[in-house]
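Trainee: Okay, so the sequence shown: first residue is 108 according to the numbering used here, each after it adds one.
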Amino acid sequence: MQRIRTFIFVFIVFLSINAIAQPPRGIHWSKDGNSYYKATDGKIIQYSLPGFTENIIADGAALTPAGTTAPLKVRNFFFSGDGKKLLIYTNTKKVWRYDTRGDYWILNLADKKLTQAGKTLPASSLMFAKFNNDATQIAYVSQYNLYTEDVATAKIKQLTTNGTRKLINGTFDWAYEEEFFCRDGFRWSPDGKQIAYWQMDAKNTKDYLMLDNTDSIYPFAKPVEYPIAGEPPSPFKIAVVNIATAKTVWMDIPTDAVLQSYVPRMEWAGNNTELILQHLNRKQNASDILLCNTATGKSTTIYKETDAAWIDLQQLWDEDYQYGGWDWLNNGKEFIWSSEKDGWRHLYRIGKDGKSETLITVGNYDVMDICAIDEKSGYVYFMASPENATQKYLYRITLDGKGKAERLSPANQPGTHDYQVSPTGTFAFHSFSNHYVPNTQETVSLPQHAPLQGDKINSAIAKADKAASNIEFFTIKTGEGIEMDAWMVKPEKFDATKKYPVVFYVYTEPWGQNVKDEYGVADNFLYHGDMAKDGYIYISIDNRGTPVPKGREWRKSIYKKIGLVNIKDQAMAAKKIIEWPFVDSSRIAVWGWSGGGTATLNLMFQYPEIYKTGIAVAAVANQLTYDNLYQERYMGLPQENKQDFINGSPLTYAKNLKGYLLYIHGTGDDNVHYQNAEMLINELVKYNKQFQLMSYPNRTHSISEGEGTFLHLSTLYTEYLKMYCPPGGR
Numbered sequence: 108m109q110r111i112r113t114f115i116f117v118f119i120v121f122l123s124i125n126a127i128a129q130p131p132r133g134i135h136w137s138k139d140g141n142s143y144y145k146a147t148d149g150k151i152i153q154y155s156l157p158g159f160t161e162n163i164i165a166d167g168a169a170l171t172p173a174g175t176t177a178p179l180k181v182r183n184f185f186f187s188g189d190g191k192k193l194l195i196y197t198n199t200k201k202v203w204r205y206d207t208r209g210d211y212w213i214l215n216l217a218d219k220k221l222t223q224a225g226k227t228l229p230a231s232s233l234m235f236a237k238f239n240n241d242a243t244q245i246a247y248v249s250q251y252n253l254y255t256e257d258v259a260t261a262k263i264k265q266l267t268t269n270g271t272r273k274l275i276n277g278t279f280d281w282a283y284e285e286e287f288f289c290r291d292g293f294r295w296s297p298d299g300k301q302i303a304y305w306q307m308d309a310k311n312t313k314d315y316l317m318l319d320n321t322d323s324i325y326p327f328a329k330p331v332e333y334p335i336a337g338e339p340p341s342p343f344k345i346a347v348v349n350i351a352t353a354k355t356v357w358m359d360i361p362t363d364a365v366l367q368s369y370v371p372r373m374e375w376a377g378n379n380t381e382l383i384l385q386h387l388n389r390k391q392n393a394s395d396i397l398l399c400n401t402a403t404g405k406s407t408t409i410y411k412e413t414d415a416a417w418i419d420l421q422q423l424w425d426e427d428y429q430y431g432g433w434d435w436l437n438n439g440k441e442f443i444w445s446s447e448k449d450g451w452r453h454l455y456r457i458g459k460d461g462k463s464e465t466l467i468t469v470g471n472y473d474v475m476d477i478c479a480i481d482e483k484s485g486y487v488y489f490m491a492s493p494e495n496a497t498q499k500y501l502y503r504i505t506l507d508g509k510g511k512a513e514r515l516s517p518a519n520q521p522g523t524h525d526y527q528v529s530p531t532g533t534f535a536f537h538s539f540s541n542h543y544v545p546n547t548q549e550t551v552s553l554p555q556h557a558p559l560q561g562d563k564i565n566s567a568i569a570k571a572d573k574a575a576s577n578i579e580f581f582t583i584k585t586g587e588g589i590e591m592d593a594w595m596v597k598p599e600k601f602d603a604t605k606k607y608p609v610v611f612y613v614y615t616e617p618w619g620q621n622v623k624d625e626y627g628v629a630d631n632f633l634y635h636g637d638m639a640k641d642g643y644i645y646i647s648i649d650n651r652g653t654p655v656p657k658g659r660e661w662r663k664s665i666y667k668k669i670g671l672v673n674i675k676d677q678a679m680a681a682k683k684i685i686e687w688p689f690v691d692s693s694r695i696a697v698w699g700w701s702g703g704g705t706a707t708l709n710l711m712f713q714y715p716e717i718y719k720t721g722i723a724v725a726a727v728a729n730q731l732t733y734d735n736l737y738q739e740r741y742m743g744l745p746q747e748n749k750q751d752f753i754n755g756s757p758l759t760y761a762k763n764l765k766g767y768l769l770y771i772h773g774t775g776d777d778n779v780h781y782q783n784a785e786m787l788i789n790e791l792v793k794y795n796k797q798f799q800l801m802s803y804p805n806r807t808h809s810i811s812e813g814e815g816t817f818l819h820l821s822t823l824y825t826e827y828l829k830m831y832c833p834p835g836g837r
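1. Going by the beta-carbon positions, is the gap between Ser445 and Val474 smaller than 9 Å?
2. Looking at Phe288 and Val248, is the spacing between their C-beta atoms short of 9 Å?
3. Should the region 720–730 be called in touch with the region 677–693, which here means at least 3 C-beta pairs below 8 Å?
4. Can Ser406 and Asp359 be called in contact, C-beta distance under 9 Å?
5. Quick one: what's Arg294 bridged to in DSSP?
6. Secondary structure at Asn546, three-state DSSP: helix, strand or coil?
7. Which class does His819 belong to by DSSP, given the choice of helix, strand or coil?
8. What separation, rounded to the nearest whole angstrom, lies between the Cα atoms of Gln520 and Asn565?
9. Using the DSSP secondary-structure output, state which residues sit across from Arg514 in a beta bridge.
10. Which parts of the region 130–164 are runs of the beta strand (DSSP E), unbroken and 3 residues or longer, counting only runs that do not cross its ends?
11. Assuming Lys390 and Gly743 are in contact, meaning their beta carbons sit under 8 Å apart, how far apart are those beta carbons, in whole angstroms?
12. To the nearest angstrom, how far is the alpha carbon of His453 from that of Tyr803?
13. Quick check: the region 624–631 against the region 541–551, are there 3 or more CB pairs under 8 Å?
14. Val370 to Ile302, Cα distance in whole Å?
15. Can you give me the C-alpha to C-alpha distance between Tyr760 and Val690, rounded to a whole angstrom?
16. Note down the Cα distance separating Tyr526 from Tyr472, rounded to an integer number of angstroms.
17. Can you have a look at Glu374 and say buried or exposed, based on whether 16 or more other CB atoms are within 10 angstroms of its CB?
18. Can you round the beta-carbon distance between Asn252 and Asn276 to whole angstroms, since I take them to be within the 8 Å contact cut?
19. Distance, Cα to Cα, Tyr827 vs Trp594?
20. Hey, how far is the Cα of Pro558 from the Cα of Lys145?
21. Going by beta carbon distance, what residues of the same chain come within less than 8 Å of Phe489, once the five residues before and after it are set aside?
22. When we look at the beta-carbon of Asn748 and count the other beta-carbons within 10 Å, is it buried (16 or more) or exposed?
23. Less than 9 Å between the beta carbons of Ser701 and His635, yes or no?
24. Please specify which runs of the alpha helix (DSSP H), each continuous and at least 4 residues long, are wholly inside the region 771–815, giving them in chain order.
25. Comparing C-alpha positions only, which one of Asp189, Lys201, Gly209 sits nearest to Ile195?
26. Assign Gly458 to one of three DSSP states: helix, strand, or coil.
27. Contact check, Asp855 vs Glu447 under 8 Å by CB: the rounded distance?
28. Taking the beta strand (DSSP E) that Ser249 belongs to, which residues open and close that run?
29. What is the DSSP secondary structure of Arg659, counted as helix, strand or coil?
30. Round the Cβ separation of Arg651 and Ile589 to the nearest angstrom and send it over; I've been treating them as touching at under 8 Å.
31. Mind reading off the beta-carbon distance from Asp257 to Thr243? Whole number of angstroms is fine, and I expect it under 8 Å.
32. Which of helix, strand or coil does DSSP assign to Ala128?
33. Looking at Leu274: is its Cβ nearer than 9 Å to the Cβ of Ala309?
34. Beta carbon of Tyr741, beta carbon of Ile674: below 9 Å?
35. With a 10 Å radius around its C-beta and 16 neighbouring C-beta atoms as the bar for buried, classify Lys180 as buried or exposed.
36. From what residue to what residue does the alpha helix (DSSP H) around Thr707 run?
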């Protein structure tokens, strides 16, 4: 259940590994890390560092198809391994959240010949196209089937023919995409003669039917294969197909015939004869790394790990791995792996033979992101924040496990840093902000962290007025001794002798960290106006179970207790805040979206003596309605502990509502289904609990579609809050 917020994804693709899965957009580093490529102003340009010398790789003319007058709108581009050809991604369409299907064109950089790939296939139907190693062929998925195409002759070969909405080749079903971030489901072998791919069998996965009442006179149903908690996932298979002979070998991966299991990661094992993959059990608390012989399909376990709660997959906390990748060392004899088994998220060197293991990142801190691995120099670059969980900094440490983490982010820049580091660790794109310094970007050389085009970030810090910021960071300790990070925005012209209303912004579940020291963190995007000017105190608190870098125990204490531990932490903190002399306990409001909407309902129902007004958007009212991958990961299997699901669901406590509740949901929400709204309505009606409801026809989880939608939603939210939790000091 992903929180609603705006993400800016910038993916780095190394030209040396062009055959792995590829993301839908990005700036691309060169192999040597001394230059990068970017599509801008209808051109693709190479920028050489440190001088930013420009070299036009493809101009507008080269990107203009024959018979047309306008160049292609480049969504992304991918080089062949030899750098002589480009795949241009354009005319894209959404598949659920992201625009991962579209058209691909091949540009020969020598003669500037531009040809469309998959020309006989439906427009905007190609997914994840990529060159093989010698750029003689490309492969892609179209309409659930896998294809190859000869670059010289444009001859297309269909490798699978049985693909349907219910039998998916080379990509994934809704649950894998939403909860594992699995989208690109096939991989070229290093020699370009074979392709390994996932096949998802969703024929027994029940459809959720979303009813469309507005796009035609007669309503119609939109089916989505959606396994709810307690239902088995769509079974997977891993195949390797020989491009020349079309011979397919299926990997023999042990699974539970009843419960099923998962393979969220798979790559070639640094050679042409083996695959390496991560295999999870249904509960996601046992992980095996398997090597598969691609000739026989036989699999061998080389590494095992279990957790009393759940195993955190790498792509769940490091977005660079959401389109594939495996970090090999020592000529393929070792790889880097992450684990929380010592209480912190650390990196390890694991022997491919399963006989060796070395801890790399030593210390009481969590690795927040892997930025680059420079084996030649012997370093891994990563993000961490050992002293302040609201911030983030760049570190590096030696790969041999004998070093100490070295902070590279400057000491005079407290806040949140992000980096896209070049493959050799020589340069990086650096962005920085904190709660009083706007987001600023620069390019730096590493490890000195020297800016290349003026000292932009330090200049921004010097110009910023910390005293002018209205955001205060603080910690609050409950009566049970739980200390949590929080931020607060007080009203303008605050008068400590008066009492003000408090609005709490919540998420509370394992997908949402609200309390970050970054610019704009306390902006309420739904409020139509200025909360501080109007006279509200605005607060957010990160409870136990939120994904902050405070160690495994903090994050996983919520296991089987979503809807209880997180809710109690929030309520106990609110009780402390209500004791402040300038807080009006009769005007306490709470709001949130998705998991935050769920938390809002639980807080209103479980602690009605605290929270007087609530606005819940797209909430899960009943945990048994949500998808199995998310809900079972954090709550277990309903077949074994169904009561935990019931105990954590707002539906269970709806009869306790005393305050004012506005419930908002899109009827076309494929993530948190509108079914939740109707279940909640029935329960509130049953107990004669009055509330207000706003349904947005055919809107998805983001409630963003349709003319005027956001303004209407924002106005609704603001007017309701002002009516039932009036602003201003008294």
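Even glycine gets a Cβ: it sits at the ideal position worked out from N, Cα and C. As the structure is a prediction and not an experimental result, all values here were calculated from the model.
Mentor: With the structure as the only source:
1. Working through the sequence shown from its first residue, we reach residue 445 at position 338. Working through the sequence shown from its first residue, we reach residue 474 at position 367. With a cutoff of 9 Å on beta-carbon distance, Ser445 and Val474 are scored as near each other.
2. As a position in the sequence shown, residue 248 is number 141, starting the count at 1. As a position in the sequence shown, residue 288 is number 181, starting the count at 1. The answer is no: Cβ separation not under 9 Å.
3. Between the region 720–730 and the region 677–693 there are fewer than three inter-stretch CB-CB distances shorter than 8 Å, so the stretches are not counted as touching.
4. Residue numbering aside, residue 406 sits at position 299 when the sequence shown is read from its first letter. Residue numbering aside, residue 359 sits at position 252 when the sequence shown is read from its first letter. Yes, they are a contact pair.
5. Here residue 294 corresponds to residue number 187 of the sequence shown, with the count starting at 1. The secondary-structure analysis by DSSP pairs Arg294 across a beta bridge with Ala303.
6. As a first step, residue 546 is located in the sequence shown; it is residue number 439 there, counting from the start. Strand, per DSSP.
7. Translated into positions along the sequence shown, residue 819 becomes position 712. In the three-state scheme derived from DSSP, where H, G and I count as helix and E and B as strand, His819 is classed as helix.
8. Residue 520 sits at position 413 when you count from the first residue of the sequence shown. Residue 565 sits at position 458 when you count from the first residue of the sequence shown. Approximately 8 Å, taken between the alpha carbons.
9. Here residue 514 refers to the residue found at position 407 of the sequence shown. Answer is Tyr502, bridged to Arg514.
10. Within the region 130–164, complete beta strand (DSSP E) segments of at least 3 residues are found at 134–136, 142–147, 150–155, given in chain order.
11. Sequence index remark: in the sequence shown, residue 390 carries index 283 (1-based). Sequence index remark: in the sequence shown, residue 743 carries index 636 (1-based). Confirmed, Cβ separation roughly 7 Å.
12. As a first step, residue 453 must be located in the sequence shown, where it is residue number 346. As a first step, residue 803 must be located in the sequence shown, where it is residue number 696. For His453 and Tyr803, the gap between their C-alpha atoms comes out near 44 Å.
13. Using a Cβ-Cβ distance cut-off of 8 Å, the region 624–631 and the region 541–551 are in contact, since at least three pairs of beta carbons, one from each stretch, lie closer than that value.
14. As a position in the sequence shown, residue 370 is number 263, starting the count at 1. As a position in the sequence shown, residue 302 is number 195, starting the count at 1. Computed Cα separation, rounded: 17 Å.
15. Residue 760 sits at position 653 when you count from the first residue of the sequence shown. Residue 690 sits at position 583 when you count from the first residue of the sequence shown. Whole-angstrom Cα-Cα distance: 27 Å.
16. For the purposes of this step, residue 526 is identified with residue 419 of the sequence shown, where counting begins at 1. For the purposes of this step, residue 472 is identified with residue 365 of the sequence shown, where counting begins at 1. Taking the straight line from one Cα to the other gives about 19 Å.
17. Reading the sequence shown from its first residue, position 267 is the one you call residue 374. The residue in question, Glu374, is buried, as its Cβ has 16 or more Cβ neighbours within 10 Å.
18. In the sequence shown, counting from the first residue as 1, residue 252 sits at position 145. In the sequence shown, counting from the first residue as 1, residue 276 sits at position 169. Indeed, because the Cβ distance is near 5 Å, the residues count as touching under 8 Å.
19. Here residue 827 refers to the residue found at position 720 of the sequence shown. Here residue 594 refers to the residue found at position 487 of the sequence shown. Counting only the Cα atoms, Trp594 lies some 24 Å from Tyr827.
20. Start at 1 with the first residue of the sequence shown, and residue 558 comes out as number 451. Start at 1 with the first residue of the sequence shown, and residue 145 comes out as number 38. Between Pro558 and Lys145, the C-alpha separation is close to 20 Å.
21. In the sequence shown, the residue the question calls residue 489 occupies position 382. Within its own chain, the residues whose Cβ lies closer than 8 Å to the Cβ of Phe489, once the five positions on either side in sequence are excluded, are Leu454, Thr468, Val474, Met475, Asp476, Ile477, Cys478, Leu501, Tyr502, Arg503, Ile504, listed in chain order.
22. The residue given as residue 748 occupies position 641 in the sequence shown. Classification of Asn748: exposed, given that the 10 Å Cβ count is below 16.
23. Translated into the one-based positions of the sequence shown, residue 701 becomes position 594. Translated into the one-based positions of the sequence shown, residue 635 becomes position 528. Not in contact: Ser701 and His635 (Cβ atoms no closer than 9 Å).
24. Whole alpha helix (DSSP H) segments, 4+ residues: 782–793.
25. Here the question's residue 195 lines up with position 88 in the sequence shown. Looking only at Asp189, Lys201, Gly209, the smallest Cα-Cα distance to Ile195 is reached by Gly209.
26. Working through the sequence shown from its first residue, we reach residue 458 at position 351. Gly458: strand per DSSP, three-state reduction.
27. Beyond the ends of the chain as shown, which are 108 and 837, falls residue 855; an answer cannot be given.
28. Numbered from its first residue, the sequence shown carries residue 249 at position 142. Counting along the chain, Ser249 sits inside the beta strand (DSSP E) bounded by residues 244–249.
29. By 1-based counting over the sequence shown, the position of residue 659 is 552. Helix, per DSSP.
30. Taking the first residue of the sequence shown as 1, we reach residue 651 at position 544. Taking the first residue of the sequence shown as 1, we reach residue 589 at position 482. Contact holds; Cβ gap of about 6 Å.
31. Indexing the sequence shown from 1 puts residue 257 at position 150. Indexing the sequence shown from 1 puts residue 243 at position 136. In this structure, Asp257 and Thr243 form a Cβ contact; the two beta carbons are roughly 7 Å apart against a cut-off of 8 Å.
32. Here the question's residue 128 lines up with position 21 in the sequence shown. Caution applies to Ala128, whose pLDDT of 44 falls short of 50 and renders its modelled position unreliable; the value that the coordinates give is listed next. In this structure, Ala128 counts as coil in the three-state DSSP scheme.
33. Indexing the sequence shown from 1 puts residue 274 at position 167. Indexing the sequence shown from 1 puts residue 309 at position 202. Yes.
34. Working through the sequence shown from its first residue, we reach residue 741 at position 634. Working through the sequence shown from its first residue, we reach residue 674 at position 567. Pairing Tyr741 with Ile674 gives a Cβ-Cβ distance that is not under 9 Å.
35. For the purposes of this step, residue 180 is identified with residue 73 of the sequence shown, where counting begins at 1. Of the other Cβ atoms in all chains shown, fewer than 16 fall within 10 Å of the Cβ of Lys180; this residue is therefore exposed.
36. Your numbering for residue 707 matches position 600 in the sequence shown. DSSP places Thr707 inside the alpha helix (DSSP H), whose first and last residues are 702–713.
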